[in-house]
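Trainee:
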Ligand code: SAH
Ligand code: SF4
Ligand code: F3S
């Protein structure tokens with residue numbers, strides 16, 4: 002079993018690991034109790050994320066000892082960004098761990114597991130992005146079908162931005178883009194297996210610069226345009242973008258490509274120019290607001306989401322107020338917000354003007370209250386609208402099916418199970434706190 006933490010890239014990597022091991026004869030289990038192999042696909046973004054992994058490993062070590070006492074074994078693998086950042090440290094800190102494998106070397110898992118079977122304890126954290134994608138086997142049709150109608154495809158990995166708070170450039174390495182043909186064939190295979198929504202992912206997805214068949218550089222809008230030509234692919238998304246790489250051509254793509262969903266995750270982190278500068282974000286609040294304005298011009302029904310950090314070293318009340326002002330100005334559909342967490346090895350962690358925990362907590366609470374109110378306002382504004390819903394699974398009650406709106410809102414309707422796996426028009430009739438209720442429009446209900 003593979004347990005994933007952190008961002009969507011880890012979710013994607015987890016599916017690739019499961020597909021790879023599926024070929025080796027492993028079957029996925031629902032719980033770790035009856036697994037021969039447990040892979041923790043870890044995240045290192047905040048301090049708590051890494052600590053959670055070590056406590057999880059402590060529990061697995063106990064389970065492993067119990068199995069060993071019955072003459073059975075459980076191999077424990079630590080993958081993902083904690084693996085990359087800590088390498089052999091993980092093997093030292095937790096004796097029960099058999100393998101440590103970084104995000105750029107998991108394609109070697111079958112070989113590493115064979116070595117682990119004879120008792121070796123190895124940490125493999127080499128960087129080899131291109132090797133990785135080339136050596137991973139394509140998923141089989143049953144593997145794709147089992148995962149449903151929406152899929153991620155990694156198109157770009159790594160980060161050259163070095164925001165002063167962030168570990169990603171150290172755990173994922175330098176920016177690297179996959180070639181266009183490789184992405185198109187992966188997308189086509191997913192679509193042939195029943196997928197109709199693809200989210201292109203990358204740590205800086207809009208910095209995508211992949212080579213096409215003629216050896217020319219393609220940008221993200223070029224790639225989106227190309228993928229939009231796959232007939233049975235009905236929805237395209239991309240995440241996560243950096244404001245600095247939000248080129249006008251990408252903004253224009255939102256007006257030109259109907260399959261591109263009107264929803265953009267564009268983290269701003271702070272609304273204060275002074276803090277943005279200290280974060281090394283390389284843009285100010287006005288540049289962000291200008292992007293939002295141009296996106297709305299290109300696609301008037303577009304909605305935005307963002308990530309925020311409060312309590313970055315040196316953040317004053319006025320800086321925090323600037324963040325609140327930016328939020329009021331934009332109006333976000335949904336957002337993630339975090340207290341600044343010092344990460345060893347990053348420049349901001351060494352600053353001597355760290356903010357008091359209680360101040361961080363107060364600011365986070367104020368920001369989250371505002372963001373939550375905006376989310377509710379946005380959801381309420383969808384009531385009465387006709388939207389496309391991509392149905393993914395049965396709903397909680399008998400006769401109900403559930404899916405996602407273009408804005409990633411969960412939507413429930415009364416409807417036939419056959420509607421699962423495709424998109425249908427829905428009239429939104431009510432907004433609850435975490436989902437919308439709707440009614441299938443008549444032509445769709447009959448189909
Ligand atoms: N590549 C993306 C995000 C990567 S990490 C980007 O450029 O925006 C996801 C989010 O985690 C970040 O947007 C940020 O809000 C948060 N984050 C990263 N490092 C953090 C830290 N040290 N403390 C608190 N939050 C952090
Ligand atoms: Fe981290 Fe900044 Fe790179 Fe995003 S852009 S991954 S926040 S360094
Ligand atoms: Fe976490 Fe690594 Fe993603 S640190 S957010 S899993 S890139």
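Residue numbers (the numbering used here): 2 to 448. For every residue, glycine included, the Cβ atom is placed at its ideal position computed from N, Cα and C.
(1) Got a sec: does the ligand SAH put a non-hydrogen atom nearer than 6 Å to the Cβ of residue 268?
(2) Taking a contact to mean a Cβ-Cβ separation below 7 Å, would you say residue 128 touches residue 174 in this structure?
(3) With a threshold of 16 other CB atoms inside 10 Å of the CB of residue 345, please say whether the residue is buried or exposed.
(4) Just to confirm the assignment, what range does the alpha helix (DSSP H) spanning residue 289 have?
(5) In chain order, which alpha helix (DSSP H) runs of at least 4 residues are fully inside the stretch 181 to 254?
(6) Output the residues surrounding the ligand SF4, defined as those with a CB atom closer than 6 Å to any ligand heavy atom, in chain order.
(7) So the candidates are 347, 392 and 389; which of them puts its Cα closest to the Cα of residue 164?
(8) So, for residue 180: in the same chain, excluding its five sequence neighbours on each side, which residues have a beta-carbon less than 7 Å away from its beta-carbon?
(9) Between residue 225 and residue 250, is the Cβ-Cβ spacing less than 7 Å?
(10) Under a three-way DSSP split, which group does residue 123 fall into?
(11) In terms of residue numbering, what span does the beta strand (DSSP E) encompassing residue 382 cover?
(12) Roughly how many whole angstroms lie between the Cα atoms of residue 283 and residue 353?
(13) By how many angstroms is the C-alpha of residue 281 removed from the C-alpha of residue 275?
(14) Take every Cβ of the stretch 415 to 429, pair it with every Cβ of the stretch 383 to 398, and state whether three or more of those distances are shorter than 8 Å.
(15) For residue 310, which residues from the same chain have a beta carbon less than 8 Å from its beta carbon, with the 5 sequence-adjacent residues on both sides left out?
(16) Less than 6 Å between the CB of residue 126 and some heavy atom of the ligand F3S, yes or no?
(17) Quick check: is any heavy atom of the ligand F3S less than 6 Å from the C-beta of residue 346?
(18) Less than 6 Å separating the Cβ of residue 45 from some heavy atom of the ligand F3S?
(19) When the distance is taken between beta carbons, is residue 362 closer than 7 Å to residue 320?
(20) Tell me which residues share the same chain as residue 400 and place their Cβ nearer than 7 Å to its Cβ, disregarding the 5 neighbours each side in the sequence.
(21) Can you tell me whether DSSP reads residue 72 as helix, strand or coil?
Mentor: Working from what's here:
(1) Yes - the ligand SAH has a heavy atom lying nearer than 6 Å to the Cβ of residue 268.
(2) Yes, the Cβ-Cβ distance between residue 128 and residue 174 is below 7 Å.
(3) Exposed, by the Cβ-count rule.
(4) For residue 289, the uninterrupted alpha helix (DSSP H) segment begins and ends at 286 to 299.
(5) The stretch 181 to 254 contains, as complete alpha helix (DSSP H) runs of 4+ residues, the segments 181 to 193 and 221 to 229 (chain order).
(6) The filter returns 160, 162, 163, 164, 167, 169, 170, 204, 205 and 243, in chain order.
(7) With distances taken between Cα atoms, residue 164 lies closest to 347.
(8) Residues 211 and 212 of the same chain have their beta carbon placed closer than 7 Å to that of residue 180, with the five preceding and five following residues left out of the count.
(9) No; because the gap between Cβ atoms is not below 7 Å, this pair is not in contact.
(10) When DSSP states are grouped into helix, strand and coil, residue 123 belongs to the strand group.
(11) Unbroken run through residue 382 is the alpha helix (DSSP H), 358 to 383; no beta strand (DSSP E).
(12) Taking the straight line from one Cα to the other gives about 22 Å.
(13) Looking at the backbone, the Cα of residue 275 and that of residue 281 are separated by about 10 Å.
(14) A contact exists between the stretch 415 to 429 and the stretch 383 to 398.
(15) Excluding five sequence positions before and after residue 310, the CB atoms of its chain that fall closer than 8 Å to its own CB belong to 166, 270, 271, 280, 338, 339, 340 and 341, given in chain order.
(16) Short note on residue 126: C-beta not closer than 6 Å to any heavy atom of the ligand F3S.
(17) False, no ligand heavy atom lies under 6 Å from that Cβ.
(18) Residue 45 Cβ: within cutoff of the ligand F3S.
(19) No. Outside cutoff.
(20) By the criterion of a C-beta distance shorter than 7 Å, residue 400 is surrounded in its chain by 415, once the five residues flanking it on both sides are discounted.
(21) Under the three-state reduction of DSSP output, residue 72 falls in the coil class, being neither helix nor strand.
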